[in-house]
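First to last, the sequence lines map onto chains S and V. The first sequence begins at 0 in numbering that gives the first Met the number 0 and counts up by one. The second sequence begins at 0 in numbering that gives the first Met the number 0 and counts up by one. Working notes, structure below.
Number of protein chains: 2
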Amino acid sequence: MNQFEEKELKQEMEQVELYLTEYLRDPGYGGAVSRVLRDMEQSRGKRLRPRLLLMASRYGKDFEAARSKLCRLGALVELVHMASLIHDDIVDDAPLRRGLPTAQAKYGKDMAVYAGDLLLSRIVQSLFRDGFARVGQMVGEAVEAMCVGELGQMECRWNEGATVEQYMRNIYGKTAALCRLACMAGAVESGCSEEMQLQLEQLGINFGYMFQIRDDLLDFVSDAYEEGKLTQADFREGIMTLPVLYAMEDRQTKPEIICLLHAAEEGDFGFEHAARLKTLVTTSGGLARAAADMQMYADRALQAIGNLPDHGVSDVFRDLLRAKCKISAAG
Amino acid sequence: MNQFEEKELKQEMEQVELYLTEYLRDPGYGGAVSRVLRDMEQSRGKRLRPRLLLMASRYGKDFEAARSKLCRLGALVELVHMASLIHDDIVDDAPLRRGLPTAQAKYGKDMAVYAGDLLLSRIVQSLFRDGFARVGQMVGEAVEAMCVGELGQMECRWNEGATVEQYMRNIYGKTAALCRLACMAGAVESGCSEEMQLQLEQLGINFGYMFQIRDDLLDFVSDAYEEGKLTQADFREGIMTLPVLYAMEDRQTKPEIICLLHAAEEGDFGFEHAARLKTLVTTSGGLARAAADMQMYADRALQAIGNLPDHGVSDVFRDLLRAKCKISAAG
C-alpha cells in the first residue's frame, strides 16, 4: 500500500463529495423534488468509479493542474452511477439499496423515473457548463451502453437459452462501460498520451468485467452476503449469471436448473431451492469456471497496469484488484 | 398563409425526419433494443417542436448557412419530446400514444425506462459530437425543468388543495420549457440578436402555456376528442387541470368536485360522473376562465411576434396560434 497516494486520494475524494452535494442541491423547488434530492445526497456508496477516475488520472502530465476538474468529473461519473441505480431499482422492484429504502420503494416507481432523469439532466448541464467536450460524448456513449446492457439482460430473463456470450455483452453495459468511462475520463482530462489512454481503457473494461463477475459469484459463495440484497436475487428474478450459465453447459445439470428456474418463475423458490442451486453450481464446476474468468479479467487489468509507466498509484490499483479478487478464493 | 415559407418549412421538416431516422438507427444490437428503436422511428407525431425551432430560426442572419445544423437540432428537440413521452407513459399507465401501443404497454414499464434513457443518451452524444455547446446546456436545463414539472404534478395528484399557481409551475415544465428551448435553440443557432432571442424565448414560453391549457380545455370541450386518450383522463388520474382548478375556486362547486375526485380515486368514475364534472366546470365559469387564460398567453405570443422584425414566417406563426386557439371557441 502506497500511503502517500492513499492520502492524496482521500483528500480528492472529499472534494468529490463536495461536488456531489453541489450537484444534488435543491435551488428552491421544495416538495417532492427536494426530498428526492436530499435522499440522493444522503445515500453513501463506495464511490468506486470516482476513485478509478482519480487513480487513472495520476498517469497524466497535467494531473496537478487539472485536479479540481478531475474531482468534478469524478462526481459526475458517480452521478451517472446513481442515476442508473435509481432506474435499475425500478426494474428490479428493489426495496433497499445500500441499506436504505430505494427511491421507488419510498416514493413509487413514477417518482423514481423522474428522479433518475433529473440526475441525468444535471450531468448534461455540468458537462456543457464546465467544458467537458471530449468526455461529454464518452458519457453519452457509456449511458447508451448501459441501456443496451440492461435491455439485453431483460431479454435474457427466464430464457433457458441465454448464453455466456450474451451475459458478457450485458455486463459490459451494466458495469464495464462505466468503469471504462471513469478510467478514460481520468486519462483524457489529465493529459495522458494516446498509448496510456489505451492501456487505461483496457484497465477500466477488465476491471469492470472482474467486478461484475465477482458480484455474481458472491451471490453464491457467501451465505452471509447481504448488503441489502437477498441471496440468489438474480436467479429469483430470472437472471442467469455466469456461474449458472456455466453450470448449464453441463448436460446433466441443465434440466434440474431449468426446473429451479420454473420454480422461481412461479414464485415458489425457497431455501431448499437456493441450497440445491448452490450445490449444482458448485459440483458442476460452474462456480470454479466463473472464478477463473474473474481471475483472467483481473490479470488483464494487471497487465494494463504493467504496460503503464511505473507510478505510486500502480500499487494502489494492484491492491484494489487483489482485494476484490480475494473473496472468490473462499469459493 | 405564406406559401413560400410553408414550402420551405416542409422541405426542412423532411430533413428533420431523415435525421430522426439516423438518431433512431440500430447499429446492430438486435433483439429488444432493435424493436424499441424501430417502434420509435415509426411513431409519428405532429413534430410541433422542430417546426417551432425552424420557424424561430428564420429571424436569424445566419439562417441559410446554418440550415442543416438547424434541422439536426430540430430532430434533437423532437427526440427530447419522444423520450419524455416514453417516461410519461410509464407514469400514466397509458396504453396508447398517437393511436399506437406505448412502449410500456408493449414491452413493459421496465423496458420503457431504458428506452427513454437510450434516447437521452443519443441526444447527449449528438449535442457533443455536432458541437452544440451553447444549446447543449439549454437542453440540460429544459430536461431538468421537465422533470421538476412532472414531479410537481405528481405531488398535486389527488390533492384537494392544489392551486392554479402550482398548475402553472407544473405546465411550465411539462410543456412550456421545451417550446422555449425549441425557439431559443432556433434563435441562437441562426445568429439572432440578443433582443430577438429574448422575444423568441417569450414566444416559446407563451406558446407552450397556451398549448397546454388548450390541451386541458379540449379534454372537457369536445366529447369526440380522442387522439388515443379517453376524456377527462387527467381527472381520473387525480390531476386537476386549469378548468377544474378555477371551478374549485367557486365555494359552492368545490365540495361536489371533491366528491367526484374521491369517486375517481376509488375507481368509481363513470359517464355520469364525467358529465357532471363537465357541467360543474362549465356553469361555474371554470371553462371560460381557462379559455380566457389560453387567449391571454396566445396574445402574449402574438405580441412577441409583433416585437420581432417583420418576416414572412411571422404570418405562419400567427396562423399557427389562431389555429390552436380556435377549438376553445367552441367551449
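Glycine residues also receive a C-beta, built at the ideal position from the N, C-alpha and C atoms. Predicted model, so just to flag it, every value in this text is computed and none were measured.
Check, Outcome
"Nearest-angstrom Cα distance between ARG156 (chain V) and GLU236 (chain V)?", "7 Å"
"With DSSP run on the structure shown, which of helix, strand or coil describes PRO49 (chain S)?", "helix"
"DSSP three-state label for PRO100 (chain V), please.", "strand"
"Give me the residue from V:GLY284, V:VAL220, V:ASP267 with the minimum Cα distance to MET247 (chain V).", "V:GLY284"
"Less than 9 Å between the C-beta atoms of GLN231 (chain S) and ASP218 (chain S), yes or no?", "yes"
"Please confirm if LEU19 (chain V) has its CB atom under 9 Å from at least one CB of chain S.", "no"
"Could you compute how far the alpha carbon of ARG71 (chain S) sits from the alpha carbon of PRO49 (chain S)?", "9 Å"
"Nearest to THR20 (chain S) by alpha carbon, out of S:LEU118, S:ILE257, S:MET110?", "S:LEU118"
"By DSSP, does SER313 (chain V) sit in helix, in strand, or in coil?", "helix"
"Roughly how many angstroms separate the alpha carbons of HIS80 (chain S) and GLU63 (chain S), rounded to a whole number?", "26 Å"
"Going by C-alpha distance, which of V:ASP314, V:ALA322, V:ILE256, V:VAL15 is nearest GLN2 (chain V)?", "V:ASP314"
"Could you check whether the Cβ of ILE122 (chain V) sits closer than 9 Å to any Cβ belonging to chain S?", "yes"
"Report the three-state DSSP secondary structure of ASN306 (chain S) (helix, strand or coil).", "helix"
"Please compile the residues from chain V whose C-beta is within a distance smaller than 7 Å of the C-beta of CYS146 (chain S).", "TYR113, ASP116, LEU117, SER120"
"Ignore the nearest five residues each way along the sequence and tell me which others in SER56 (chain V)'s own chain have a CB closer than 6 Å to its CB.", "PHE62, LEU69, GLY185, SER189"
"Under the three-state reduction of DSSP, which class applies to GLU200 (chain V): helix, strand or coil?", "helix"
"Could you check how far apart the C-beta atoms of ILE212 (chain V) and ALA175 (chain V) are, in whole angstroms? I think they sit under 8 Å.", "Not confirmed; about 10 Å, so no contact."
"Which of the three DSSP states is assigned to PRO26 (chain S) in this structure?", "coil"
"Leaving aside the five residues before and after GLN10 (chain V) along the sequence, list all residues of the same chain whose C-beta is less than 7 Å from its C-beta, in chain order.", "none"
"Under 9 Å, do CYS182 (chain S) and PHE206 (chain S) count as touching if we go by C-beta distance?", "yes"
"Determine the burial state of GLN41 (chain S): buried for a count of at least 16 other Cβ atoms within 10 Å of its Cβ, exposed for fewer.", "exposed"
"Would ASP318 (chain S) be called buried (16 or more neighbouring beta carbons within 10 Å of its own) or exposed?", "exposed"
"According to a CB-to-CB cut-off of less than 8 Å, which residues of the segment 27-61 of chain S neighbour chain V?", "TYR28, GLY30, ALA31, VAL32, VAL35"
"Are GLU149 (chain S) and ASP87 (chain S) closer than 9 Å when you measure CB to CB?", "yes"
"Using a beta-carbon distance cut-off of less than 7 Å, what residues from the segment 135-160 of chain S approach chain V?", "GLY135, GLN136, VAL138, GLY139, GLU140, VAL142, GLU143, CYS146, VAL147, GLU149, LEU150, GLY151, MET153, GLU154"
"So which of V:ASP309, V:ILE89, V:GLY59, V:ALA132 has the shortest CA-CA distance to CYS191 (chain V)?", "V:GLY59"
"Would CYS178 (chain V) and SER120 (chain S) qualify as a contact pair, given that the criterion is a beta-carbon distance under 9 Å?", "no"
"Would ALA132 (chain S) count as contacting chain V if we go by Cβ distances under 9 Å?", "yes"
"Apart from the five residues just before and just after VAL187 (chain S), which ones in its own chain have a Cβ nearer than 7 Å to its Cβ?", "ARG133, VAL134, GLN196"
"Exposed or buried, PRO242 (chain S), counting other C-beta atoms within 10 Å across all chains shown (16 or more means buried)?", "buried"
"By the three-class DSSP mapping on this structure, what secondary structure does GLN136 (chain V) have?", "helix"
"Can you tell me whether DSSP reads MET239 (chain V) as helix, strand or coil?", "coil"
"Using a cut-off of 9 Å between C-beta atoms, extract the partners of ILE89 (chain V) located in chain S.", "ILE89, LYS108, ASP109, VAL112"
"Which residues in chain S sit within 8 Å of HIS86 (chain V), going by Cβ to Cβ distance?", "VAL112, TYR113, ASP116"
"Helix, strand or coil: which one does DSSP assign to ASN1 (chain V)?", "coil"
"Would LEU126 (chain S) count as contacting chain V if we go by Cβ distances under 9 Å?", "yes"
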